[in-house]
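S.K.:
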Amino acid sequence: MKFTKIFTSCLLYCTTILAQANSPTHVDAILERLNHANAHRDHIMVVAHRGLWNKEGQAIYAENSVASIRKAIELGVEVVEQDIRQSKDGVFVVLHDKTLDRTTTCQGLVEDKTWQELQSCKLTIHHNGETTITDEHVMSLSTLYDEIKGKILLNLDNKIGYQHFPAMFELAKKYGVEKQILASVNQNTPEQRESAKKINTNLANYGVNLMPNIYDNKVDFKLYQAILADYRPKLVQLRNAHKPDGKLTQDGGILFSQQSLELANKYNVHYWLNTLYESKNPGLRSGGRGDEMAYYAGLPNEVYGFWIKKGVTIFQTDEPEFLLNWLNKNGYRKAYSK
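The sequence shown lines up with residues -21 to -1, 1 to 317 when you count with mature numbering (1 follows the signal peptide of the UniProt record, and there is no 0).
#1: So, Gln61 versus Arg29, is the Cβ gap smaller than 8 Å?
#2: Let me see if you follow: with CB-CB separation under 8 Å, is Leu102 close to chain B or not?
#3: What does the Cβ neighbour count give for Thr292, buried or exposed, with the cut at 16 atoms within 10 Å?
#4: Please name the residue in Ala151, Tyr141 and Pro261 whose C-alpha comes closest to that of Gly129.
#5: Do Leu255 and Gln295 have their beta-carbon atoms positioned less than 8 Å apart in this structure?
#6: CB of Ile23 to nearest heavy atom of the ligand NAD: below 7 Å?
#7: Apart from the five residues just before and just after Pro261, which ones in its own chain have a Cβ nearer than 6 Å to its Cβ?
#8: Counting C-beta neighbours from all protein chains within 10 Å, is the total for Thr111 16 or more, i.e. buried, or is it exposed?
#9: Just to confirm my understanding: we take Gln37, look at its own chain, exclude 5 residues before and 5 after, and list those with CB closer than 7 Å. What are they?
#10: Enumerate in chain order the residues of its own chain whose CB-to-CB distance from Asn14 is below 8 Å, with the five nearest sequence positions on each side excluded.
#11: When you compare each of Trp305, Glu300, Lys259 and Asp297 to Glu281 by their alpha carbons, which one comes out closest?
#12: Using only alpha-carbon positions, find the residue among Thr228, Glu298, Gln204 and Gln142 that is nearest to Tyr275.
#13: If distances are taken between C-alpha atoms only, which option among His143, Asn17, Leu123 and Asn167 comes closest to Val45?
#14: Using 8 Å as the Cβ pair cut-off and three pairs as the minimum, do the stretch 189 to 198 and the stretch 224 to 234 touch?
#15: What is the C-beta distance between Asn33 and Leu74, in whole angstroms, given that I count them as a contact (C-beta under 8 Å)?
#16: Are at least three pairs of beta-carbons, each pair with one atom in the stretch 95 to 103 and one in the stretch 18 to 27, less than 8 Å apart?
#17: With DSSP as the reference, label Trp32 as helix, strand or coil.
#18: For Asp62, list the residues DSSP reports as bridge partners.
#19: How is the alpha helix (DSSP H) around Pro145 delimited, first residue to last?
#20: Using the C-alpha atoms, what's the distance from Glu115 back to Glu173?
#21: For Leu(-10), I'd like the list of residues in its chain whose CB is within less than 6 Å of its CB, leaving aside the five on either flank, ordered along the chain.
#22: Using DSSP with H/G/I as helix, E/B as strand and the rest coil, what is Lys101?
#23: Around the C-beta of Gln159, are 16 or more other C-beta atoms found within 10 angstroms, so that it is buried, or is it exposed?
#24: Residue range of the beta strand (DSSP E) that Glu109 falls in?
#25: Under the rule that 16 or more other beta-carbon atoms within 10 Å means buried, what is Phe301, buried or exposed?
#26: Going by Cα to Cα distance, which pick from Ser119, Leu263, Leu207 and Ala220 is closest to Gln65?
#27: Using three-state DSSP, classify Asn253 as helix, strand or coil.
#28: Whose CA, out of Glu11, Ile52, His221 and His5, lies closest to the CA of Asn247?
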């Protein structure tokens, strides 16, 4: 009798653990919407650029920090974008700039420092000419993968060359986050396209999503069609190039034409647009209609509303909380069950 009770208890425990392991996570719910663009065009996804480090034009957390990632997850955005570099001894680290000067207490090139040396560098916050030193240190890619697991998707912005992608993807598999990875691959020169094709050929081995990144002043419509046909991506990052002091786009350019939207439906693909802050050229990647216009000029409808009408279903922004509030207020978000 005692043995039977123990056996039954163990069986129930194992069944519970197995059920939890197989139960859908929040990431699964996000992926369902990512993988079926045509079924979810009424839900606009949000990407926090370098995490949630900025709010209402003010830096509140360090860029590429654990805190900025956790706050993005807490806010409820679908994706965080993070920049990847490599230490002198081969450790992948999360930093945007080539040098350490702007965002840490250290100086010099990232690639000239060992991982041990980088661990002594504290992340900093800059606002209105003042610098705040945080308690956070340079993060490794391993730590980043551990932070996002089962919680949020990750856009890997590889700053050191596509030849390093396989190692990044293998590390993702080790941490069990490969399905959460969105890897940007530029398509704006023949060399970039050739390098990206090599990665795409072996993509099935890794289980990640490649995201072609395309400027409308670098490709024609025929080439854009070929890119969609070759990659069959779940999402593409499209850019409407804008010159300093240029006029605001009125039509979104060739990549947001009616003909292009027909392609989006044909290939069941999401259109991703960057509205990021750019001090020298506001709206650089979005036809002049960027976060500056949305927040500082108080014209979010002329930015997010305009681009949604042009087919955008994913925004990468430096104002994720502001954008989420606007989307919710205007009925562009659907609640997740998980």
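Here a beta-carbon is modelled for each residue, glycine too, at the ideal position from N, C-alpha and C.
M.R.: Looking at the atomic coordinates:
#1: Contact flag set, yes.
#2: Reference to chain B is not applicable here, since this structure consists of a single protein chain.
#3: Buried, by the Cβ-count rule.
#4: That would be Ala151, whose Cα lies nearest to the Cα of Gly129.
#5: Their beta carbons are under 8 Å apart, which means Gln295 touches Leu255 by this criterion.
#6: Absence of the ligand NAD from the depicted structure is noted, as is the absence of any ligand whatsoever, leaving it without description.
#7: The residues Gly269 and Glu271, in chain order, have a CB closer than 6 Å to that of Pro261 in the same chain once the five nearest residues on each side in sequence are set aside.
#8: Exposed is the call here.
#9: So the list reads His106, once near-sequence residues are dropped.
#10: So the qualifying residues of the chain are Lys213.
#11: Checking every option, the nearest Cα to that of Glu281 belongs to Trp305.
#12: When the alpha-carbon of Tyr275 is set against those of Thr228, Glu298, Gln204 and Gln142, the nearest one is in Glu298.
#13: Measuring from the Cα of Val45, the nearest candidate turns out to be Leu123.
#14: Contact holds: three or more Cβ-Cβ distances are below 8 Å.
#15: So it is not a contact: roughly 17 Å between Cβ atoms.
#16: Look at the beta carbons and you see the stretch 95 to 103 not touching the stretch 18 to 27: under three pairs across the two are nearer than 8 Å.
#17: Reduced to three states, the DSSP call for Trp32 is coil.
#18: Among the bridge pairs identified by DSSP, Asp62 is matched with Asp136.
#19: Where Pro145 is concerned, the enclosing alpha helix (DSSP H) stretches over Phe144 to Tyr154.
#20: In a straight line, the C-alpha of Glu173 is about 38 Å away from that of Glu115.
#21: With a pLDDT of only 44 at Leu(-10), under 50, the local geometry of the prediction cannot be trusted, and no value is derived from it.
#22: Shown here, Lys101 sits in a strand according to DSSP, grouped into three states.
#23: Per the 10 Å Cβ criterion, buried.
#24: It spans Glu109 to His116 - the beta strand (DSSP E) in which Glu109 sits, taken as one unbroken run.
#25: Looking at its Cβ environment, which holds 16 or more other Cβ atoms inside 10 Å, Phe301 is buried.
#26: Checked all of Ser119, Leu263, Leu207 and Ala220; the closest Cα to Gln65 is Ser119.
#27: Residue state for Asn253 is assigned as strand, using DSSP reduced to three classes.
#28: The option with the nearest alpha carbon to Asn247 is Glu11.
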